[in-house]
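As structure tokens, the structure follows; a few thoughts come after it.
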Amino acid sequence: MGAREPSPRPARDAGGGLAVRDVVVRYGDASRAGKRGGTTAVDGVSLDVADGEVLALLGPSGCGKSSLLRAVAGLEPVAAGRVLLDGADLAGVPVHRRGFGLMFQEGQLFPHRDVGRNVAYGLQAARVPRAEQEERVRELLDVVGLAGYARRAVVTLSGGERQRVALARALAPRPRLLLLDEPLSALDRGLRERLAVDVRDVLHETGTTAVFVTHDHDEAFTVADRVAVMSAGRLLQVAPPEELWRSPASRQVAGFLGYQAFVPAGAFVPAGAGGADGAGGADGGELLAVGPTGLRVVTEPDGAGEGHGTPFHGVVVGSVFRRGRAEVTVDVDLGAGEQRLVAIADGVDVPGEGDKAVLALDPRGCARVPG
Ligand SMILES: Nc1ncnc2c1ncn2[C@@H]1O[C@H](COP(=O)(O)OP(=O)(O)OP(=O)(O)O)[C@@H](O)[C@H]1O
72 MGAREPSPRP ARDAGGGLAV RDVVVRYGDA SRAGKRGGTT AVDGVSLDVA DGEVLALLGP
132 SGCGKSSLLR AVAGLEPVAA GRVLLDGADL AGVPVHRRGF GLMFQEGQLF PHRDVGRNVA
192 YGLQAARVPR AEQEERVREL LDVVGLAGYA RRAVVTLSGG ERQRVALARA LAPRPRLLLL
252 DEPLSALDRG LRERLAVDVR DVLHETGTTA VFVTHDHDEA FTVADRVAVM SAGRLLQVAP
312 PEELWRSPAS RQVAGFLGYQ AFVPAGAFVP AGAGGADGAG GADGGELLAV GPTGLRVVTE
372 PDGAGEGHGT PFHGVVVGSV FRRGRAEVTV DVDLGAGEQR LVAIADGVDV PGEGDKAVLA
432 LDPRGCARVP G
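For the sequence shown, the residue numbers in this note's numbering are 72 to 442.
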């Protein structure tokens with residue numbers, strides 16, 4: 072499935088899809104929520120997922136992502152608010168009548184069934200004729216890159232293969248909505264990254280409407296058409312990945328996305344006529360969020376070239392070579408006190424530990440956020 076061409080996105084129906092309105096999820100004694108005993112896990116969340124859209128729910132551990140997903144699934148009662156699908160309120164509709172697919176961190180395959188019979192599970196339950204089941208199983212195994220695996224015992228599969236089977240099983244009955252809760256979290260990093268691309272392709276190819284819960288922003292950005300950032304039970308921002316990255320709504324969102332430092336926007340003084348895109352200009356109390364590639368080791372005296380700002384001076388603490396370039400840890404004051412930050416050394420000599428380094432902000436790796 073990784074090799075296949077991404078298929079065009081299906082047309083979206085403006086009126087269809089999932090609508091979450093002011094949803095509250097509480098655990099424990101609701102009357103004591105916020106004081107003693109009760110926890111408000113989801114605190115008045117509203118969002119929409121259009122037909123055929125993949126939305127990632129992103130946030131730190133404990134922010135309420137799973138609780139919101141479970142409330143949408145009908146696995147958790149909604150203390151307030153409404154969940155609607157295609158305009159129909161789902162209050163009182165039990166889990167098994169919602170027609171949703173669910174997929175969790177551990178695929179929870181049936182160990183005594185082979186791969187094909189795992190994928191066919193929902194089809195059997197829906198009494199789909201045998202020949203149709205077999206055809207659908209073949210089709211789904213092909214989509215998830217496991218063609219020919221139907222007779223394999225699930226115990227012989229790798230972790231990644233199991234999650235592919237779990238995805239095929241969840242998709243087989245053509246769910247109206249697929250809910251995925253950290254489906255890749257149990258896998259190692261490399262596999263997770265590859266599988267995230269595959270999951271995105273499969274969801275697009277099958278035109279599946281989906282909500283994908285993750286705490287990993289790279290994964291959210293890879294899989295989703297839009298990303299909803301949650302914190303402490305509330306939604307902070309919902310935007311397509313690029314927009315979210317370019318324009319985080321707050322320092323909190325930027326910090327969660329991996330922006331490493333926040334400095335007064337005036338710290339960036341564009342060098343040379345014309346300045347630089349994105350980070351220059353009057354700040355109006357704004358902060359400059361410095362991303363993982365927003366600080367660069369440069370060479371003097373031309374360090375301020377290539378759109379970089381006025382140089383800063385830092386002291387090198389160490390460096391690692393990763394993903395084809397050197398990441399140099401430096402102690403530097405960018406205008407908000409001394410901080411330990413990572414600077415990219417690309418096309419320049421990598422300074423050694425204890426050396427002084429000339430550094431510059433690269434506006435292409437920075438974003439402005441409200442102060
Ligand atoms: N069954 C439960 N009973 C009581 N409190 C719960 C229950 N499930 C979750 N919580 C609490 O609700 C809050 C939100 O939990 P939730 O699992 O929804 O967060 P999350 O963002 O999915 O976290 P994680 O990524 O760690 O799974 C947390 O404070 C958690 O302790």
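All C-beta atoms, glycine included, are put in the ideal place defined by N, C-alpha and C.
Contact test: residue i Cβ vs ligand 1 heavy atom, cutoff 8 Å
i: serine 47; result: The displayed coordinates of the chain run from 72 to 442. Any statement about residue 47 would go beyond what the structure contains.
i: glycine 99; result: yes
i: methionine 301; result: yes
i: histidine 167; result: no
i: valine 190; result: no
i: threonine 110; result: yes
i: valine 284; result: yes
i: valine 113; result: yes
i: proline 148; result: no
i: glycine 133; result: yes
i: glycine 304; result: yes
i: glycine 130; result: yes
i: glutamate 290; result: no
i: glutamate 205; result: no
i: glutamate 177; result: no
i: glutamate 124; result: no
i: glutamate 424; result: no
i: glutamate 253; result: yes
Candidates the options, of which the one nearest residue i by Cα
i: leucine 211; options: Val199, Arg240 and Phe181; result: Arg240
i: aspartate 252; options: Arg322, Leu194, Val143 and Phe392; result: Val143
i: proline 319; options: Gly442, Gly158, Gly88 and Leu228; result: Gly442
i: aspartate 114; options: Glu398, Asp122, Val91 and Glu205; result: Val91
i: leucine 412; options: Pro422, Pro182, Arg322 and Gly365; result: Gly365
i: methionine 174; options: Pro254, Ala360 and Val386; result: Pro254
i: valine 273; options: Gly219, Gln234 and Pro311; result: Gln234
i: alanine 431; options: Ser390, Arg198, Arg367 and Val403; result: Arg367
i: alanine 336; options: Ala397, Leu238, Ala299 and Ala438; result: Ala438
i: leucine 228; options: Leu194, Leu180, Leu139 and His384; result: Leu180
i: leucine 315; options: Leu89, Val440 and Thr111; result: Val440
Those residues which DSSP pairs with residue i across a bridge
i: leucine 359; result: Val334 and Arg439
i: threonine 285; result: Leu129
i: serine 302; result: Arg305
i: arginine 97; result: Thr111
i: leucine 228; result: Paired residue(s): none; leucine 228 is not in a bridge.
i: aspartate 119; result: Ala90
i: arginine 322; result: In DSSP, arginine 322 forms no bridge with anything.
i: aspartate 221; result: A quick correction: the sequence has alanine, not aspartate, at residue 221. The partner list for alanine 221 (beta bridge, DSSP) is empty, contrary to what the question assumes.
i: alanine 428; result: Gly385
i: arginine 209; result: In the DSSP output, where bridge partners are listed per residue, arginine 209 has none listed.
Counting only runs that start and end within the stretch 131 to 195, where is the alpha helix (DSSP H) found for 4 or more residues in a row?
-> 136 to 144 and 186 to 190
Completely contained alpha helix (DSSP H) runs for the stretch 380 to 426, where each covers 4 or more residues | none
Could you tell me whether the stretch 247 to 262 touches the stretch 170 to 184, using the rule of 3 or more Cβ pairs below 8 Å?
-> yes
Segment contact flag, the stretch 282 to 302 with the stretch 250 to 268, C-beta cutoff 8 Å, min 3 pairs | yes
Taking contact to mean at least 3 C-beta pairs separated by less than 8 Å, is the stretch 152 to 163 in contact with the stretch 196 to 215?
-> no
Counting Cβ pairs, one atom from each stretch, are 3 or more of them under 8 Å apart for the stretch 271 to 285 and the stretch 123 to 137?
-> yes
The stretch 300 to 312 contacting the stretch 268 to 283, beta-carbon criterion three pairs below 8 Å | no
Ranges of the alpha helix (DSSP H) found wholly within the stretch 236 to 279, counting only runs of at least 4 | 260 to 276
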